[in-house]
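Asker:
In full-length UniProt numbering, the protein residues as written are 1 to 413.
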């Protein structure tokens, strides 16, 4: 049984393949003819349209019908009776599926190229070859894989279905990860290309990013030059502003989840791992994230929104400018306590090389009171960016006072 079958049923109802499509002019990404069996089991030609989430059957002078593609299994097939070869594909789950027939093998390939970006594919071994393991974690293992058809490289996140088991929260996290990554389209966010399911695993095929993660980059660099940190932070806050426009909270912003595009520079990256991402249209309450990066309101069990990611961005910026973690603890519990109390020190000698404007932005981003913390869009208006990236265009402006840069608590200055 597919782990996605229950999700599909929640959206569309058990044993209900088609729903009415009342929109007479739906916007689609692909339109073509196919044959399906009518009530008399005879093949009947019809026009079909693939939209953002649905496969729509266009019925002239009548209400059309549609089926949700997001969580349905897509399986191409060939039928050969010795005289005629038929090409087609199946959409759906056991007991609730529909076969579609197309005119040629070439046409089938075109259909599958579109459907594979919407539904769940099954024949991973036929389509891709594993090159090597490139990472692992509690969720599973990440492999470098190559397309057998195009030779294009992808990173593949392999998730053992046993680890999902009957856990509704684990399944919801996986569904959210797929849903959000299919929705988002940003040059600094890892793109999800395909989802495959085997009897034992779920495979997420995403961008392969060759430059390693930001954790290893900061180990190599020790600290970033302030201008480089500003270039990075400006892009990163732009990503958070983009996520906020969808009311998406990532909830696990950390060095390891920021993948660097190359060794050429330290400001081109892609944000990865949306396994804890959530819809923040309404306030969230789940305590989650990586200790040392978590917004205090999460650790205090208060309702929160997308501003938790802004706090984590402040932690990232602190690390880039100083080479140090803002909440160093003797153990995990100590780190969590310091993270919750949000007492940040600027005593390390590396801060002598950072402008007051840079330190001021770090303090604003890591403001422990959410209502006083800027949004990503507001943070992008910091004068620090202009001073670092466009110094020739600066208007005269008083620098932040030492009082404005006070570290919480002030005795730590």
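A virtual CB, placed ideally from N, CA and C, is assigned to each residue, including glycine.
With residue 255 and residue 379 assumed to form a contact (beta carbons below 8 Å), what rounded beta-carbon distance in angstroms separates them?
Answerer: Between residue 379 and residue 255 the Cβ distance is about 19 Å, and since that is not below 8 Å, they are no contact.
Asker: Have a look at 359, 351, 300 and flag the residue whose alpha-carbon is nearest the alpha-carbon of residue 339.
Answerer: Out of 359, 351, 300, 300 has the C-alpha closest to the C-alpha of residue 339.
Asker: Less than 8 Å between the CB atoms is what I'm expecting for residue 192 and residue 174, so what's the real figure, rounded?
Answerer: No, residue 192 and residue 174 are not in contact; Cβ-Cβ is about 12 Å, not under 8 Å.
Asker: Report the residue from 322, 133, 258 whose alpha carbon sits nearest the alpha carbon of residue 224.
Answerer: Of the candidates 322, 133, 258, the one whose C-alpha sits nearest the C-alpha of residue 224 is 322.
Asker: Considering only the beta carbon of each residue, do residue 36 and residue 98 sit closer than 8 Å?
Answerer: Closer than 8 Å, so yes.
Asker: Would the beta-carbon of residue 293 fall within 8 Å of that of residue 310?
Answerer: No. Outside cutoff.
Asker: What do you reckon, are the CB atoms on residue 26 and residue 51 nearer than 8 Å?
Answerer: It is a contact, given that the beta carbons lie within the stated cut-off.
Asker: State the DSSP-derived secondary structure class of residue 242, mapped to helix, strand or coil.
Answerer: Residue state, collapsed to three classes: helix.
Asker: Given a threshold of 16 other Cβ atoms within 10 Å of its Cβ, counted over all protein chains shown, does residue 75 qualify as buried or as exposed?
Answerer: Classification of residue 75: buried, given that the 10 Å Cβ count is 16 or more.
Asker: Going by Cα to Cα distance, which pick from 302, 386, 325, 250 is closest to residue 347?
Answerer: Checked all of 302, 386, 325, 250; the closest Cα to residue 347 is 325.
Asker: So residue 229 and residue 249 are in contact, right, with Cβ under 8 Å, and what is the actual spacing, rounded?
Answerer: Their Cβ separation, rounded to whole angstroms, is 24 Å, which puts residue 229 and residue 249 out of contact at 8 Å.
Asker: Specify whether the segment 197–215 and the segment 250–269 touch according to this definition: at least 3 beta carbon pairs, one from each stretch, less than 8 Å apart.
Answerer: Judged by Cβ distances under 8 Å, the segment 197–215 makes contact with the segment 250–269, as three or more pairs qualify.
Asker: Candidates 137, 332, 359: which alpha carbon is nearest residue 159's?
Answerer: Nearest C-alpha to residue 159: 137.
Asker: What is the residue span of the alpha helix (DSSP H) that residue 219 lies within?
Answerer: Unbroken alpha helix (DSSP H) run through residue 219: 214–221.
Asker: Helix, strand or coil for residue 57? Go by DSSP, reduced to three states.
Answerer: Here residue 57 sits in strand by DSSP.
Asker: Suppose you measure from the CA of residue 276 to the CA of residue 129; what does that come to, to the nearest Å?
Answerer: Each residue's alpha carbon lies about 28 Å from the other.
Asker: I'd like the ranges of any alpha helix (DSSP H) spanning at least 4 consecutive residues and lying wholly in the segment 268–306.
Answerer: Runs of the alpha helix (DSSP H) inside the segment 268–306: 296–299.
Asker: Would you give the residue range spanned by the alpha helix (DSSP H) that residue 112 belongs to?
Answerer: Here the alpha helix (DSSP H) through residue 112 covers 105–115.
Asker: Can you grab the Cα-Cα spacing for the pair residue 157 / residue 194, in whole Å?
Answerer: Cα to Cα, the separation comes out at about 11 Å.
Asker: Taking 8 Å as the threshold (C-beta atoms), are residue 18 and residue 437 in contact?
Answerer: With the chain covering only 1 through 413, there is no way to say anything about residue 437.
Asker: By the three-class DSSP mapping on this structure, what secondary structure does residue 88 have?
Answerer: In this structure, residue 88 counts as strand in the three-state DSSP scheme.
Asker: Leaving aside the five residues before and after residue 241 along the sequence, list all residues of the same chain whose C-beta is less than 8 Å from its C-beta, in chain order.
Answerer: The answer, listed in chain order, is 375, 376, 377, 380.
Asker: For residue 416, which of 149, 134, 148 has the nearest alpha-carbon?
Answerer: No statement about residue 416 is possible, as the shown extent of the chain runs from 1 to 413 and does not include it.
Asker: Give every residue of the same chain whose Cβ lies closer than 8 Å to the Cβ of residue 332, excluding the five residues on either side of it in the sequence, and list them in chain order.
Answerer: Result list for residue 332: 291, in chain order.
Asker: What did DSSP end up calling residue 52 once you bin it into helix, strand or coil?
Answerer: Three-state DSSP puts residue 52 in coil, outside helix and strand.
Asker: Excluding five sequence neighbours on each side, which residues of the same chain lie with their C-beta closer than 8 Å to the C-beta of residue 43?
Answerer: Only 35, 36, 37, 101 meet the Cβ criterion.
Asker: Quick one: grab the DSSP three-state call for residue 196.
Answerer: If DSSP states are grouped into helix, strand and coil, residue 196 belongs with the strands.
Asker: If you draw a straight line from the C-alpha of residue 104 to the C-alpha of residue 87, how long is it?
Answerer: Going by the C-alpha atoms only, they are around 6 Å apart.
Asker: Taking 8 Å as the limit between beta carbons, can you name the residues of its chain near residue 63, skipping five residues before and five after?
Answerer: 20, 21, 22.
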